[in-house]
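Below is one structure; the comments refer to it alone.
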Amino acid sequence: MLLPFLLYLSALLCFTPARAHPQCLDFKPPFQPLQELQFCAMYKNFGCCDFARDQELMKKFYRIMDNFDYYGYANCAGYVQDLLCQECSPYAAHLFDAEDPSTPLRSIPGLCPDYCSIFYSKCRSTIPLLSDDPHLSQLEHDRTRFCQYLELDDSDYCFPRVLSNEVLNKNLGRVTADMDGCLQLCLEEVANGLRNPLAMVHANDGTHRFFIAEQVGLVWVYLPDKSKLEKPFLNITKTVLTSPWEGDERGFLGLAFHPRFKYNGKLYVYYSVEVGFDERIRISEFRISASDMNVVDHTSERVILEIDEPASNHNGGQLLFADDGYLYIFTGDGGMAGDPFGKFGNAQNKSALLGKVLRIDVDNNEKGPLYRIPPDNPFVHERNARPEVYAYGVRNMWRCSVDRGDPLSREGKGRLFCGDVGQNKYEEIDLVEKGRNYGWRAKEGFSCYDKKLCANSSLDDVLPIYAYPHKMGKSVTGGYVYRGCEYPNLNGMYIFGDFMSGRLMSLKENRNTRRWDYSEICMGLGRTCAFPGLINNYYPYVISFGENEAGELYFLSTEVPSATSPTGVVYKMVDPSRRAPPGKCHYTPLPVQVKSKLVTFEPKETLIGVEIPTKRPKLSEVKPTESPQQTTKDWIQELLDILRTEDEYDVMYKTTAFPTTMTTTTTTPRHSRRGRRKKVKPRAVGVDSDFDSRCPDHSSPFLNYAQPAQKMCLESDRKTSPSLAPFPLTEGLLTPAQLCALDGNKHNRKPARFSDATEDLVLGV
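Read left to right, the sequence shown gives residues -20 to -1, 1 to 745 (mature numbering (1 follows the signal peptide of the UniProt record, and there is no 0)).
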């Protein structure tokens, strides 16, 4: 059994798609030019030059070649063109050694030895015209030293070998994926120091400000340059009902700006409140201050709607305006477990407002009722049904969004996506449509929950577009369909996450089959995210997603899910494989009159598991080694050593291989984490676990950010043994990518708090 396994591992060494790291000289991903290049035609479809730069290089070419006669032109024109055009290569940063900030940028790209030798023999007279590097001038009469100087440390990237390297070019321009189909993206830190950031929204007023809401009842204004206004936009902390308990679902839960906010200054908030001895959810309308566009007039609050909450969990929390201009309100089923209210539960009872999607008209409400019922609401004429109800059978939809539609075809525009948190087995993603029944409590995901209700012939429920089991995650966080400009590869992908497991996931509709293809998202390995300002790690509790005014995608997560813990961070999602061409995504924000002090953004997170390479010493600086160098032990040999001595260990170090890309429509997802999980007693009131989440040293698990949502544990004494030791929370074999990630990665301890079969961890569950 050992030999086939080693053969498998050796094959993996040859397949390293994450090793490719396309990067331009401006330290950004390459792009598809808007207009085909004429001079550097080898990169006309994908590279690092737009048409304008292509024309500049062509002019430089003719300036150089004007110095030569016919024979010189015939011999050297091709070489000069090749060297100039490598600035347009998708791997330009590698060819010019731009990744090493400690040394000057090369003036001539790195050349493969054979090519360099021929170039030197035929056209060394072009060197002074191509470069002003004094080292090249000194080596101009020594071919061997000249070509050694132009060698790259990584010969895979030398020209022209880089053009024929199958690994580097096979999927060039596509989202990088690992062996299991996990899409590798990167992150840009945008905001930090937040206390359970639950919402990020924009006002759609042309200023490109974004507003971040904290669970305690504070909303902050951020400008496009990431600076934050010191004075809060909204402060209703004295009214909002919440607590410091980790996972408390109550609090400030939602925020939406009126579609005509730019003209009427109206916004709407969703929060928990205590009235006497009763807990309620409240929907209120506010107006912007007449004297400061970055502050709400707190005296303008008008309560639009209040709903009694029979329990402290399942409070819903989403507010949004859809394309029809109406306000949509997403309520939970009232809490506890199994929707125990009445014969069929709140969610199936159309006379109750809990467990529903509500739709109301808040326009023209200065006089008369504070809201009206849209005339086409589906149950307006149904006896005993509340006219506000737009859809029902909802358990606790946590984060919904409206699809902006494809930028060109507008396909998908107006679709309403929601993540609905499950009970014991499944989490689901729904496409919400008028009058539809989403199944709860009869069904959970694709399976029956209440068998009697499930068999009811009048149920007429609609199945989710995707559902996943609790082995993958226990609390879905709905996301957005990416429709931004900056990362064309992501267009049409619905990106969402899971609060409990920390997974990031995506769905994309197959136009031919109308099925939804699933792909997991993980953080870029190796040098995938080695761009200035990008990171490849995040805090595990994924609370919410957001869009900015331009349509770029963000998510909000925290290290400690408490309304008083300032560990929340906002991350922008970045595709490192391809960007939009320069100038395409340009916008000019409208001016913002700032009366508050500005707080400059300071990022705190860093890229992990990556060492910036340094160039080899110049030839004149090379010195003989004074003592034998210590070599790095071969990792396969290390694995063999472990396998030979595995009987000496009490615990076999294992982890889980990650799911492959799959297509899912109305069946349970085939992939999941393997392994049995032991039940333990609750760790806190309402915060339980269905498996033992403690490490052998009785400490809490934490996440390995180099892989998505993988539970890991530190050895008990890091001072004497600083290595990372994965413990057997699940079964399976270490993948090569995981083995490579074990050393040198940054790991923070994160508290793992889960739920049992009847009570959920709060905050959107």
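All C-beta atoms in this analysis are idealised placements derived from N, C-alpha and C, irrespective of residue type, glycine included. Treat the numbers as computed from the prediction; the structure is a model and nothing was measured.
If only uninterrupted beta strand (DSSP E) runs of at least 3 residues are considered, those enclosed by the segment 243 to 291 are 246 to 255, 258 to 268, 276 to 289. Around the beta carbon of P556, a 10 Å sphere encloses 16 or more other beta carbons of the protein chains shown; the residue is thus reported as buried. In this structure A72 does not touch C138 by the C-beta definition: roughly 13 Å separates them, more than the 8 Å allowed. DSSP lists C502 as the beta-bridge partner residues of Q164. Taking all protein chains in view, the Cβ of Q328 is crowded by 16 or more other Cβ atoms within 10 Å, so the residue is classified as buried. Distance from the Cα of S576 is smallest, within the candidate group S271, T547, N293, for S271. Here Q3 is buried. Its C-beta has 16 or more other C-beta atoms within 10 Å.
Within the segment 51 to 109, there are no complete beta strand (DSSP E) runs of at least 3 residues.
Counting C-beta atoms within 10 angstroms of its own C-beta, P349 has fewer than 16 neighbours from the protein chains shown and is therefore classed as exposed.
The beta-carbon separation of M180 and Y534, rounded to 6 Å, stays under the 8 Å limit for a contact. Burial check for I98: the Cβ neighbour count within 10 Å stays below 16, so the residue is exposed. Contact between E229 and N295 holds: their C-beta atoms lie close to 5 Å from each other, under 8 Å. Beta bridge pairing from DSSP links F324 with no other residue. DSSP lists F310 as the bridge partner or partners of Q298.
The beta carbon of K102 is closer than 8 Å to those of N55, C56, Y59 in its chain, skipping five residues each way along the sequence. Under DSSP, the beta-bridge partners assigned to A371 are V337.
By the Cβ neighbour-count rule, K552 is buried, with 16 or more other Cβ atoms within 10 Å of its own.
In the three-state reduction of the DSSP assignment, N517 falls in the coil class. Of the candidates E120, I268, D94, A371, the residue whose Cα lies closest to the Cα of G245 is I268. According to the DSSP assignment, C20 belongs to no alpha helix (DSSP H), since it is labelled neither H nor E. Between D386 and F397, the CB-CB gap reaches or exceeds 8 Å. In the structure shown, R123 adopts helical secondary structure according to DSSP, grouped into three states. Per DSSP, the continuous alpha helix (DSSP H) segment holding S144 begins and ends at 141 to 144.
Here the alpha carbons of I409 and R494 stand approximately 15 Å from one another. Residue state for P204 is assigned as coil, using DSSP reduced to three classes. Note that the C-beta distance between F479 and T457 is below 8 Å.
As DSSP reads the structure, R559 sits in a beta bridge with F11.
Taken atom to atom, the span from the alpha-carbon of R395 to that of F525 is near 17 Å. When only Cα atoms are considered, Q66 and F266 end up about 56 Å apart.
With a threshold of 16 other beta carbon atoms within 10 Å, N490 falls short and is exposed. Judged by their CB atoms, G504 and C166 are nearer to each other than the 8 Å cut-off. In the DSSP assignment, D478 falls within the beta strand (DSSP E) that extends over 474 to 478.
In this structure, T311 is the residue among Y567, T311, L470, N345 with its C-alpha nearest to the C-alpha of K330.
Following the DSSP letters along the chain, one finds F41 in no beta strand (DSSP E) but inside the alpha helix (DSSP H) bounded by residues 31 to 45. In the structure shown, the three-state DSSP call for K451 is coil.
When secondary structure is reduced to three states using DSSP, V147 falls in the helix class.
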